[in-house]
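**Student:**
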Amino acid sequence: MRRTQRRTRSARYGVATVELAIVLPVLIALVFGAIEICQRLHVKQSALIAAYEACRVATRPISDTDDVQTHAETLLTQQNVHQATVKIRNMTQAQNDLDNIVTGDEIRIRIDVPWGDNTISHYVIGDSAGSFRVEAYMLRE
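Numbers given in our numbering equal positions in the sequence shown, counted from 1, plus 234.
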């Protein structure tokens, strides 16, 4: 009897080892995939918040293009968003600055962010292609 039980135990250990060898890579891929998705969502949301807050600064009567640019870049730096491009546009007058802006003009803040510099996957698989864009619009007060 004892001999039969030992064979069954060692057979169970062998099955558990095979199951672990099959399932563990899948679980690791799922965990790292979830981390990558969450990191990309965080970067996109951080850029959207920076665009909205910069647009809010641009609506103030005493703000200028440099103030808005600095505010957006500061927010992006605080959230560790790298290599982002901030573009400010007065949509009503079709100008790329806020120099001649008047009350009621529409302001657009556009932020372009490359994925490669803001995710950990480029260290592993060399994913440097692709970028995304967020925009915020408001009217000057």
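Ideal Cβ positions, reconstructed from N, Cα and C, are used throughout, including at glycine.
What three-state label does DSSP hand Ser-365 in the structure shown?
**Tutor:** By 1-based counting over the sequence shown, the position of residue 365 is 131. In the structure shown, Ser-365 sits in a strand (DSSP, three-state: E or B).
**Student:** Indicate whether Cys-289 and Arg-367 have their beta-carbon atoms separated by less than 9 Å.
**Tutor:** On the sequence shown, position 55 is the one that residue 289 refers to. On the sequence shown, position 133 is the one that residue 367 refers to. Their beta carbons are not under 9 Å apart, which means Cys-289 does not touch Arg-367 by this criterion.
**Student:** Check this for me: beta carbons of Pro-295 and Gln-317, under 9 Å apart or not?
**Tutor:** As a working note, residue 295 is residue 61 in the sequence shown. As a working note, residue 317 is residue 83 in the sequence shown. No, the Cβ-Cβ distance between Pro-295 and Gln-317 is not below 9 Å.
**Student:** Using the DSSP secondary-structure output, state which residues sit across from Ile-341 in a beta bridge.
**Tutor:** Within the sequence shown, numbered from 1, the residue matching residue 341 stands at position 107. Ile-341 pairs with Asn-324 and Met-372.
**Student:** Among all the DSSP beta bridges, which residues are the ones paired with Asp-346?
**Tutor:** For the purposes of this step, residue 346 is identified with residue 112 of the sequence shown, where counting begins at 1. DSSP, once it has assigned bridges, lists Thr-319 and Arg-367 as partnering Asp-346.
**Student:** Straight-line CA distance for Glu-287 to Arg-344?
**Tutor:** Here residue 287 is taken as the residue at index 53 of the sequence shown, counted from 1. Here residue 344 is taken as the residue at index 110 of the sequence shown, counted from 1. Near 12 Å, if we compare the C-alpha coordinates of Arg-344 and Glu-287.
**Student:** Is the region 332–339 close to the region 255–274, with three or more CB pairs under 8 Å?
**Tutor:** No, because fewer than three Cβ pairs between the region 332–339 and the region 255–274 fall closer than 8 Å, the two stretches do not touch.
**Student:** To which residues does DSSP link Gln-313 through a beta bridge?
**Tutor:** For the purposes of this step, residue 313 is identified with residue 79 of the sequence shown, where counting begins at 1. Per DSSP, none; premise fails for Gln-313.
**Student:** Report buried or exposed for Thr-353, applying the criterion of at least 16 other Cβ atoms within 10 angstroms of its Cβ.
**Tutor:** Here residue 353 corresponds to residue number 119 of the sequence shown, with the count starting at 1. By the neighbour-count rule (16 or more Cβ atoms within 10 Å), Thr-353 is buried.
**Student:** With three or more C-beta pairs closer than 8 Å as the rule, is the region 269–286 touching the region 298–310?
**Tutor:** Verdict: yes, contact present.
**Student:** Exposed or buried, which one is Leu-310 when buried takes at least 16 other CB atoms within 10 Å?
**Tutor:** Here the question's residue 310 lines up with position 76 in the sequence shown. Per the 10 Å Cβ criterion, buried.
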